[in-house]
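Asker:
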Amino acid sequence: MPQAIVAYAHVARTISRFEPVTMIVHPEDVAEARFACGTSVEVVALETDDSWARDTGPTFVKDPARGVAGVHWQFNGWGAKYAHVERDAQVGGAVLSRLGMKNYQAPVVMEGGSFSVDGYGTLLTTEQCLLNVNRNPELQPREIAEMLAMYLGVRRVLWLGDGLEGDETDGHVDMVACFAGRGRVLLNTPKPGEPNHAAMQDNLQRLAEMKDAGGRELDVIAVPQPQQAQHDDGRMMPLSYINFYIANGAVIVPAFGDVADDEAANIIGAAFPGRECVQVPALDIARGGGVIHCITQQQPEGDPVQE
(Lines of atoms letter the chains of each structure in order from A and count residues from 1; the text may use other names and numbers.)
(Lines give C-alpha, C1' and ligand atoms only; values in the text may rest on other atoms or scores of the structure.)
Protein backbone atom coordinates (compact mmCIF):
# COMPACT_ATOMS: atom_id res chain seq x y z
CA MET A 1 0.00 0.00 0.00
CA PRO A 2 1.46 3.43 -0.94
CA GLN A 3 2.97 5.33 1.98
CA ALA A 4 0.75 8.36 1.38
CA ILE A 5 -2.40 6.25 1.74
CA VAL A 6 -1.09 4.79 4.99
CA ALA A 7 -0.30 8.30 6.27
CA TYR A 8 -3.70 9.76 5.35
CA ALA A 9 -5.47 6.77 6.90
CA HIS A 10 -3.46 7.16 10.10
CA VAL A 11 -4.63 10.77 10.41
CA ALA A 12 -8.25 9.79 9.74
CA ARG A 13 -8.23 6.95 12.27
CA THR A 14 -6.62 9.17 14.89
CA ILE A 15 -9.21 11.92 14.51
CA SER A 16 -12.01 9.33 14.56
CA ARG A 17 -11.11 8.59 18.19
CA PHE A 18 -12.49 12.02 19.04
CA GLU A 19 -15.16 12.86 16.46
CA PRO A 20 -16.88 11.47 13.34
CA VAL A 21 -14.71 11.45 10.20
CA THR A 22 -15.72 11.31 6.54
CA MET A 23 -13.01 10.76 3.93
CA ILE A 24 -13.44 11.76 0.27
CA VAL A 25 -11.71 9.42 -2.19
CA HIS A 26 -11.71 8.69 -5.89
CA PRO A 27 -14.41 6.14 -6.78
CA GLU A 28 -11.80 3.58 -7.84
CA ASP A 29 -10.02 3.90 -4.47
CA VAL A 30 -13.00 3.32 -2.19
CA ALA A 31 -12.20 -0.30 -1.32
CA GLU A 32 -8.54 0.43 -0.57
CA ALA A 33 -9.46 3.45 1.55
CA ARG A 34 -11.99 1.47 3.59
CA PHE A 35 -9.40 -1.23 4.19
CA ALA A 36 -6.79 1.32 5.30
CA CYS A 37 -9.13 3.38 7.48
CA GLY A 38 -11.23 0.65 9.05
CA THR A 39 -14.82 0.92 10.17
CA SER A 40 -14.41 4.09 12.22
CA VAL A 41 -14.13 6.31 9.11
CA GLU A 42 -16.91 6.92 6.59
CA VAL A 43 -15.57 6.76 3.03
CA VAL A 44 -17.37 8.73 0.31
CA ALA A 45 -16.63 8.56 -3.42
CA LEU A 46 -16.08 11.88 -5.19
CA GLU A 47 -13.99 12.82 -8.21
CA THR A 48 -11.22 15.28 -7.30
CA ASP A 49 -7.99 16.52 -8.82
CA ASP A 50 -5.99 16.61 -5.59
CA SER A 51 -6.27 15.76 -1.91
CA TRP A 52 -6.30 19.06 0.01
CA ALA A 53 -9.74 19.25 1.64
CA ARG A 54 -8.82 22.40 3.53
CA ASP A 55 -8.44 24.35 0.31
CA THR A 56 -11.06 22.81 -1.97
CA GLY A 57 -13.75 21.90 0.55
CA PRO A 58 -16.29 24.34 1.96
CA THR A 59 -15.61 26.56 4.94
CA PHE A 60 -18.35 25.87 7.46
CA VAL A 61 -19.95 28.76 9.32
CA LYS A 62 -22.34 28.56 12.27
CA ASP A 63 -25.13 30.80 13.45
CA PRO A 64 -26.33 29.67 16.92
CA ALA A 65 -29.88 30.68 16.01
CA ARG A 66 -30.02 29.17 12.52
CA GLY A 67 -27.53 26.29 12.32
CA VAL A 68 -24.58 25.41 10.10
CA ALA A 69 -24.00 26.49 6.50
CA GLY A 70 -21.03 26.48 4.16
CA VAL A 71 -19.04 28.93 2.07
CA HIS A 72 -17.95 27.67 -1.34
CA TRP A 73 -14.97 29.75 -2.44
CA GLN A 74 -13.78 30.08 -6.01
CA PHE A 75 -10.76 27.84 -6.61
CA ASN A 76 -8.14 28.39 -9.32
CA GLY A 77 -5.45 25.89 -8.40
CA TRP A 78 -3.41 28.04 -6.01
CA GLY A 79 -2.93 30.87 -8.43
CA ALA A 80 -3.34 28.92 -11.69
CA LYS A 81 -0.32 26.70 -11.01
CA TYR A 82 -2.06 23.58 -12.30
CA ALA A 83 -3.87 22.97 -15.57
CA HIS A 84 -6.63 20.67 -14.34
CA VAL A 85 -8.60 21.89 -11.33
CA GLU A 86 -12.15 21.58 -12.63
CA ARG A 87 -13.09 18.76 -10.27
CA ASP A 88 -11.42 20.40 -7.27
CA ALA A 89 -13.34 23.59 -8.01
CA GLN A 90 -16.60 21.66 -7.50
CA VAL A 91 -15.70 19.88 -4.25
CA GLY A 92 -17.09 22.55 -1.93
CA GLY A 93 -20.47 22.60 -3.63
CA ALA A 94 -20.62 18.81 -3.87
CA VAL A 95 -19.96 18.40 -0.15
CA LEU A 96 -22.63 20.94 0.79
CA SER A 97 -25.12 19.35 -1.60
CA ARG A 98 -24.52 15.94 -0.04
CA LEU A 99 -25.11 17.43 3.41
CA GLY A 100 -28.26 19.26 2.27
CA MET A 101 -26.71 22.45 3.57
CA LYS A 102 -27.00 26.08 2.50
CA ASN A 103 -24.24 26.99 0.03
CA TYR A 104 -23.00 30.57 0.12
CA GLN A 105 -21.09 30.90 -3.15
CA ALA A 106 -18.44 33.55 -2.64
CA PRO A 107 -17.28 35.42 -5.77
CA VAL A 108 -13.66 35.49 -4.63
CA VAL A 109 -10.72 33.10 -5.06
CA MET A 110 -9.81 31.76 -1.64
CA GLU A 111 -8.45 28.62 0.00
CA GLY A 112 -9.20 27.48 3.54
CA GLY A 113 -5.52 27.24 4.37
CA SER A 114 -5.04 30.92 3.66
CA PHE A 115 -6.71 32.14 6.86
CA SER A 116 -6.97 31.36 10.57
CA VAL A 117 -9.83 32.64 12.75
CA ASP A 118 -10.17 32.92 16.52
CA GLY A 119 -13.95 32.43 16.58
CA TYR A 120 -14.43 35.90 18.07
CA GLY A 121 -14.17 38.10 15.00
CA THR A 122 -10.45 38.10 14.19
CA LEU A 123 -8.80 36.59 11.11
CA LEU A 124 -5.10 36.06 10.35
CA THR A 125 -3.79 35.84 6.80
CA THR A 126 -0.72 36.69 4.70
CA GLU A 127 -0.20 39.40 2.14
CA GLN A 128 1.85 37.00 0.03
CA CYS A 129 -1.24 34.88 -0.61
CA LEU A 130 -4.37 37.00 -0.45
CA LEU A 131 -2.83 40.05 -2.13
CA ASN A 132 -1.16 37.96 -4.83
CA VAL A 133 -2.11 39.01 -8.36
CA ASN A 134 -2.72 35.35 -9.21
CA ARG A 135 -5.80 35.22 -6.94
CA ASN A 136 -7.99 38.34 -7.07
CA PRO A 137 -6.06 41.01 -9.00
CA GLU A 138 -9.10 43.26 -9.29
CA LEU A 139 -9.59 43.55 -5.52
CA GLN A 140 -7.88 45.94 -3.12
CA PRO A 141 -6.94 44.79 0.42
CA ARG A 142 -9.95 46.65 1.83
CA GLU A 143 -12.28 44.84 -0.56
CA ILE A 144 -10.81 41.44 0.33
CA ALA A 145 -11.29 42.23 4.02
CA GLU A 146 -14.89 43.18 3.29
CA MET A 147 -15.45 39.83 1.56
CA LEU A 148 -14.02 37.99 4.55
CA ALA A 149 -16.27 39.97 6.86
CA MET A 150 -19.32 39.27 4.71
CA TYR A 151 -18.84 35.51 4.41
CA LEU A 152 -17.07 34.62 7.66
CA GLY A 153 -18.45 37.25 10.02
CA VAL A 154 -15.02 38.54 11.04
CA ARG A 155 -14.57 42.13 12.18
CA ARG A 156 -10.81 42.51 11.93
CA VAL A 157 -8.28 41.12 9.43
CA LEU A 158 -4.65 40.92 10.57
CA TRP A 159 -2.15 40.92 7.72
CA LEU A 160 1.12 39.03 8.10
CA GLY A 161 3.76 39.25 5.39
CA ASP A 162 5.24 36.15 3.77
CA GLY A 163 4.77 32.45 4.35
CA LEU A 164 7.32 29.64 4.13
CA GLU A 165 9.92 29.30 1.42
CA GLY A 166 8.96 26.65 -1.13
CA ASP A 167 5.25 26.72 -0.27
CA GLU A 168 3.41 26.38 -3.59
CA THR A 169 0.31 27.97 -2.08
CA ASP A 170 2.06 31.36 -2.01
CA GLY A 171 2.40 31.49 1.73
CA HIS A 172 -0.67 29.97 3.34
CA VAL A 173 -0.96 31.13 6.92
CA ASP A 174 -1.69 27.60 8.17
CA MET A 175 2.04 26.89 7.86
CA VAL A 176 2.91 30.14 9.64
CA ALA A 177 0.57 31.04 12.50
CA CYS A 178 -2.64 29.87 14.14
CA PHE A 179 -4.95 31.17 16.82
CA ALA A 180 -5.07 29.15 20.03
CA GLY A 181 -7.95 31.02 21.59
CA ARG A 182 -8.67 34.69 22.21
CA GLY A 183 -5.56 36.83 21.96
CA ARG A 184 -3.18 33.88 21.67
CA VAL A 185 -1.23 33.06 18.49
CA LEU A 186 1.16 30.18 17.83
CA LEU A 187 3.93 31.24 15.43
CA ASN A 188 6.40 29.13 13.47
CA THR A 189 9.75 30.38 14.79
CA PRO A 190 12.96 29.30 13.05
CA LYS A 191 16.33 29.84 14.69
CA PRO A 192 18.73 32.43 13.26
CA GLY A 193 20.33 31.03 10.12
CA GLU A 194 17.47 28.63 9.42
CA PRO A 195 15.21 29.02 6.37
CA ASN A 196 12.31 31.46 6.87
CA HIS A 197 13.93 33.22 9.83
CA ALA A 198 13.76 36.73 8.36
CA ALA A 199 10.17 36.32 7.16
CA MET A 200 8.97 34.94 10.50
CA GLN A 201 10.76 37.71 12.42
CA ASP A 202 8.87 40.21 10.29
CA ASN A 203 5.63 38.41 11.13
CA LEU A 204 6.54 38.44 14.83
CA GLN A 205 7.07 42.19 14.70
CA ARG A 206 3.72 42.67 12.98
CA LEU A 207 1.92 40.56 15.58
CA ALA A 208 3.54 42.58 18.37
CA GLU A 209 1.87 45.69 16.98
CA MET A 210 -1.56 44.13 16.39
CA LYS A 211 -4.72 43.77 18.45
CA ASP A 212 -7.61 41.38 17.95
CA ALA A 213 -11.21 42.35 17.21
CA GLY A 214 -11.83 42.78 20.93
CA GLY A 215 -8.90 45.18 21.35
CA ARG A 216 -6.61 42.66 23.04
CA GLU A 217 -2.87 42.66 22.44
CA LEU A 218 -1.67 39.32 21.14
CA ASP A 219 0.28 36.79 23.19
CA VAL A 220 2.61 35.19 20.65
CA ILE A 221 3.87 31.70 21.47
CA ALA A 222 6.99 30.55 19.61
CA VAL A 223 6.87 27.06 18.10
CA PRO A 224 10.17 25.65 16.78
CA GLN A 225 10.52 24.97 13.09
CA PRO A 226 11.53 21.45 12.05
CA GLN A 227 14.51 21.08 9.78
CA GLN A 228 13.28 21.85 6.27
CA ALA A 229 13.46 18.88 3.92
CA GLN A 230 13.96 18.73 0.16
CA HIS A 231 12.12 16.98 -2.62
CA ASP A 232 14.04 14.57 -4.82
CA ASP A 233 14.51 17.33 -7.40
CA GLY A 234 16.11 19.64 -4.83
CA ARG A 235 13.11 21.90 -4.22
CA MET A 236 12.44 22.98 -0.66
CA MET A 237 9.79 20.92 1.15
CA PRO A 238 8.19 23.28 3.67
CA LEU A 239 7.50 21.69 7.06
CA SER A 240 5.68 23.26 9.98
CA TYR A 241 4.20 22.08 13.26
CA ILE A 242 1.63 24.88 12.98
CA ASN A 243 -0.22 22.76 10.40
CA PHE A 244 -2.15 20.80 13.05
CA TYR A 245 -5.83 19.90 13.39
CA ILE A 246 -8.02 20.85 16.36
CA ALA A 247 -10.50 18.07 17.16
CA ASN A 248 -13.09 17.63 19.90
CA GLY A 249 -10.95 17.12 22.99
CA ALA A 250 -7.68 16.81 21.08
CA VAL A 251 -5.14 18.53 18.89
CA ILE A 252 -3.52 16.37 16.20
CA VAL A 253 0.07 17.53 15.68
CA PRO A 254 2.37 16.51 12.82
CA ALA A 255 5.63 14.70 13.59
CA PHE A 256 8.49 14.59 11.10
CA GLY A 257 11.09 12.44 12.83
CA ASP A 258 12.81 15.68 13.85
CA VAL A 259 14.58 16.46 17.11
CA ALA A 260 12.07 19.27 17.68
CA ASP A 261 8.98 17.02 17.38
CA ASP A 262 8.39 16.55 21.10
CA GLU A 263 9.22 20.14 22.06
CA ALA A 264 6.74 21.45 19.49
CA ALA A 265 4.04 19.02 20.59
CA ASN A 266 4.48 20.05 24.23
CA ILE A 267 4.20 23.75 23.36
CA ILE A 268 1.12 23.25 21.19
CA GLY A 269 -0.48 20.95 23.74
CA ALA A 270 0.04 23.51 26.51
CA ALA A 271 -1.71 26.13 24.35
CA PHE A 272 -4.83 23.94 24.27
CA PRO A 273 -5.44 22.93 27.90
CA GLY A 274 -8.04 20.23 28.28
CA ARG A 275 -7.22 18.67 24.92
CA GLU A 276 -5.11 15.58 24.40
CA CYS A 277 -2.09 16.27 22.19
CA VAL A 278 -1.56 13.43 19.71
CA GLN A 279 1.42 13.27 17.38
CA VAL A 280 0.97 11.64 13.97
CA PRO A 281 3.76 10.94 11.45
CA ALA A 282 3.27 13.41 8.60
CA LEU A 283 6.39 13.44 6.43
CA ASP A 284 4.75 11.28 3.75
CA ILE A 285 1.87 13.77 3.59
CA ALA A 286 4.28 16.70 3.42
CA ARG A 287 5.92 15.26 0.30
CA GLY A 288 2.73 16.29 -1.51
CA GLY A 289 2.93 19.90 -0.34
CA GLY A 290 0.91 20.13 2.88
CA VAL A 291 0.45 18.58 6.29
CA ILE A 292 -2.43 17.61 8.62
CA HIS A 293 -4.38 20.88 8.57
CA CYS A 294 -4.23 20.87 4.77
CA ILE A 295 -5.95 17.49 4.38
CA THR A 296 -8.73 18.14 6.89
CA GLN A 297 -11.76 20.42 7.22
CA GLN A 298 -13.81 20.65 10.40
CA GLN A 299 -17.61 20.65 10.31
CA PRO A 300 -19.26 22.21 13.39
CA GLU A 301 -22.02 20.32 15.16
CA GLY A 302 -25.49 21.61 14.42
CA ASP A 303 -28.49 21.29 12.14
CA PRO A 304 -27.84 22.34 8.55
CA VAL A 305 -29.26 25.58 7.26
CA GLN A 306 -31.42 24.47 4.36
CA GLU A 307 -31.03 25.79 0.82
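With UniProt numbering, the residue at position 23 of the sequence shown is 23, and numbering never jumps.
Idealized CB from N, CA, C, for every residue including glycine.
(1) Do V253 and Q279 have their CB atoms nearer than 8 Å?
(2) Measuring CB atoms only, is the stretch 52 to 68 touching the stretch 80 to 93, in the sense that at least three cross pairs come out at less than 8 Å?
(3) R155: which of D118, G289, S40 and A9 sits nearest, CA to CA?
(4) For residue 310, does the count of other Cβ atoms within 10 angstroms reach 16, so buried, or fall short, so exposed?
(5) Return the residue from the list D261, G70 and Q225 that minimises the CA-CA distance to P300.
(6) In the DSSP assignment, the alpha helix (DSSP H) including P281 goes from what residue to what residue?
(7) Does the beta-carbon distance from V109 to M147 come in below 8 Å?
(8) What are the start and end residues of the alpha helix (DSSP H) that includes Y82?
(9) Excluding sequence positions up to five away, which residues of its chain have a Cβ less than 7 Å from the Cβ of G302?
(10) Count the CB pairs spanning the stretch 220 to 237 and the stretch 281 to 298 that are closer than 8 Å, and state whether there are at least three.
(11) State the CB to CB distance for the pair Y245 and T296, rounded to an integer number of angstroms; the pair is presumed to be in contact (CB under 8 Å).
(12) Could you check the C-alpha separation between A208 and N196 for me, to the nearest Å?
(13) When burial is assigned at 16 or more other CB atoms within 10 Å of the CB, is P64 buried or exposed?
(14) By DSSP, does P238 sit in helix, in strand, or in coil?
(15) Could you say which of V21, D219, E47 and T22 lies nearest to E28 if we only look at CA atoms?
(16) Under 8 Å: do the stretch 117 to 133 and the stretch 158 to 173 share three or more Cβ pairs, one atom per stretch?
(17) Look at the Cβ atom of N136, then the Cβ atom of A177, and state whether they are nearer than 8 Å.
(18) Which residues bound the beta strand (DSSP E) around P107?
(19) Does the separation of the CB atoms of G249 and F18 fall below 8 Å?
(20) Where N188 and M175 are concerned, what is the direct C-alpha to C-alpha distance, given to the nearest angstrom?
(21) Which residues mark the beginning and the end of the beta strand (DSSP E) in which L124 is found?
(22) For a test of the three-state rule: what should DSSP assign to S16, helix, strand or coil?
(23) Provide the residue(s) that pair with L187 in DSSP beta bridges, ordered along the chain.
(24) Under DSSP, the alpha helix (DSSP H) around D55 begins and ends at which residues?
(25) On the premise that V25 lies in contact with E42, defined as a C-beta separation below 8 Å, what is that separation, rounded to the nearest angstrom?
(26) Starting from A65 and walking both ways along the alpha helix (DSSP H), at which residues does that stretch end?
(27) Between which two residues does the alpha helix (DSSP H) carrying L204 extend?
(28) May I ask which residues mark the beginning and end of the alpha helix (DSSP H) holding R34?
(29) Label Q205 either buried or exposed according to how many other C-beta atoms from any shown protein chain fall within 10 Å of its C-beta, with 16 as the threshold for buried.
(30) For E307, is the classification buried or exposed, using 16 other Cβ atoms within 10 angstroms of its Cβ as the cut-off for buried?
(31) Is it the case that the Cβ atoms of F256 and A282 are separated by a distance below 8 Å?
Answerer: According to the structure shown:
(1) The residue given as residue 253 occupies position 253 in the sequence shown. The residue given as residue 279 occupies position 279 in the sequence shown. Contact flag set, yes.
(2) yes
(3) Locating residue 155 in the sequence shown gives position 155, where the first residue counts as 1. That would be D118, whose Cα lies nearest to the Cα of R155.
(4) An answer regarding residue 310 cannot be provided, because it is not within the stretch 1 to 307 covered by the chain.
(5) Mapped onto the sequence shown, residue 300 falls at position 300. That would be G70, whose Cα lies nearest to the Cα of P300.
(6) Counting from one through the sequence shown, the residue named residue 281 turns up at place 281. Where P281 is concerned, there is no enclosing alpha helix (DSSP H), although the beta strand (DSSP E) it sits in stretches over E276 to P281.
(7) Counting from 1 along the sequence shown, the entry for residue 109 is found at position 109. Counting from 1 along the sequence shown, the entry for residue 147 is found at position 147. It is not a contact, given that the beta carbons lie outside the stated cut-off.
(8) The residue given as residue 82 occupies position 82 in the sequence shown. Segment: none, Y82 is in no alpha helix (DSSP H) and carries neither H nor E.
(9) Position 302 of the sequence shown, counted from the start, is the residue given in the question as residue 302. Result list for G302: K62, G67 and V68, in chain order.
(10) yes
(11) For this step, residue 245 is matched to residue 245 along the sequence shown. For this step, residue 296 is matched to residue 296 along the sequence shown. The pair is a contact, with the Cβ atoms about 5 Å apart (cut-off 8 Å).
(12) Residue numbering aside, residue 208 sits at position 208 when the sequence shown is read from its first letter. Residue numbering aside, residue 196 sits at position 196 when the sequence shown is read from its first letter. When rounded, the distance between both Cα atoms is 18 Å.
(13) Within the sequence shown, numbered from 1, the residue matching residue 64 stands at position 64. So P64 ends up on the exposed side.
(14) Stepping through the sequence shown from its first residue, residue 238 is reached at position 238. Looking at P238 - three-state DSSP - the assignment turns out to be coil, as it is neither helix nor strand.
(15) Looking up residue 28 in the sequence shown gives position 28. Minimum Cα distance to E28 is reached at E47.
(16) yes
(17) Taking the sequence shown and counting its residues from 1, one reaches residue 136 at position 136. Taking the sequence shown and counting its residues from 1, one reaches residue 177 at position 177. Contact flag unset, no.
(18) Start at 1 with the first residue of the sequence shown, and residue 107 comes out as number 107. Taken as a continuous stretch (DSSP letters only), the beta strand (DSSP E) holding P107 covers N103 to V109.
(19) Mapped onto the sequence shown, residue 249 falls at position 249. Mapped onto the sequence shown, residue 18 falls at position 18. Yes. Within cutoff.
(20) Along the sequence shown, read from residue 1 onward, the residue named residue 188 stands at position 188. Along the sequence shown, read from residue 1 onward, the residue named residue 175 stands at position 175. Spanning the two alpha carbons is a distance of roughly 7 Å.
(21) Along the sequence shown, one-based indexing puts residue 124 at 124. That run of the beta strand (DSSP E) goes T122 to T126.
(22) In the sequence shown, residue 16 corresponds to position 16, counting from 1. Note: S16 maps to helix in three-state DSSP.
(23) Here residue 187 corresponds to residue number 187 of the sequence shown, with the count starting at 1. Residue pairing of L187 in beta bridges, as defined by DSSP: A177 and A222.
(24) Numbered from its first residue, the sequence shown carries residue 55 at position 55. Residues A53 to T56.
(25) Translated into the one-based positions of the sequence shown, residue 42 becomes position 42. Translated into the one-based positions of the sequence shown, residue 25 becomes position 25. With a Cβ gap of about 11 Å, E42 and V25 do not count as contacting.
(26) Locating residue 65 in the sequence shown gives position 65, counting from the first residue. No alpha helix (DSSP H) holds A65; DSSP gives it neither H nor E.
(27) Reading the sequence shown from its first residue, position 204 is the one you call residue 204. H197 to A208 is the span of the alpha helix (DSSP H), which, as asked, contains L204.
(28) For the purposes of this step, residue 34 is taken as residue 34 along the sequence shown, with counting starting at 1. Here the alpha helix (DSSP H) through R34 covers V30 to C37.
(29) The sequence position of residue 205 within the sequence shown is 205, counting from 1. With fewer than 16 other Cβ atoms within 10 Å, it is exposed.
(30) Locating residue 307 in the sequence shown gives position 307, where the first residue counts as 1. Under this definition E307 is an exposed residue.
(31) Within the sequence shown, the letter at position 256 stands for residue 256. Within the sequence shown, the letter at position 282 stands for residue 282. In contact: F256 and A282 (Cβ atoms closer than 8 Å).
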